[in-house]
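Trainee: Everything in the sequence shown is counted per my numbering, starting at 47 for the first residue and increasing by one.
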Amino acid sequence: MKNPTPDDPGIRIFAPPIYRDHDDPARWTTRTAETPTAAYACHCGQTGRAPGTRGVQKLVDEYETHKATCDGR
């Protein structure tokens, strides 16, 4: 999955599910899911990246705020 760029703006969030199929033996182990990550880019050139659940949420909030206030420059 590629990250957004100023030429192809938007937000990309990778958040693998924690739930596993009932018959998946890994479901019954202590193995954890992959770390969520997010990245965004705007036409104006601003970009951001973040790992982890809290980081992704902060990045989504930052992206939404930027999108609402950006004049495209």
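Glycine included, each C-beta is placed from N, C-alpha and C at the ideal position.
1. With DSSP as the reference, label glycine 101 as helix, strand or coil.
2. Report, in whole angstroms, the separation of the C-beta atoms of alanine 61 and valine 102, which I expect to be a contact under 8 Å.
3. In or out: threonine 83 buried (at least 16 other Cβ within 10 Å) or exposed?
4. Compute the Euclidean distance between the alpha carbons of glutamate 108 and glutamate 80, then round it to the nearest angstrom.
5. Between the alpha carbons of alanine 96 and alanine 85, how many angstroms are there, rounded?
Mentor: This is what the structure holds:
1. Counting from 1 along the sequence shown, the entry for residue 101 is found at position 55. Judged by DSSP in its simplified three-state form, glycine 101 adopts helix.
2. Here the question's residue 61 lines up with position 15 in the sequence shown. Here the question's residue 102 lines up with position 56 in the sequence shown. Sure, about 7 Å apart at Cβ, within 8 Å.
3. For this step, residue 83 is matched to residue 37 along the sequence shown. Result: buried.
4. Here residue 108 refers to the residue found at position 62 when the sequence shown is read from its first residue. Here residue 80 refers to the residue found at position 34 when the sequence shown is read from its first residue. Distance between the alpha carbons of glutamate 108 and glutamate 80: 23 Å.
5. Within the sequence shown, numbered from 1, the residue matching residue 96 stands at position 50. Within the sequence shown, numbered from 1, the residue matching residue 85 stands at position 39. Approximately 6 Å, taken between the alpha carbons.
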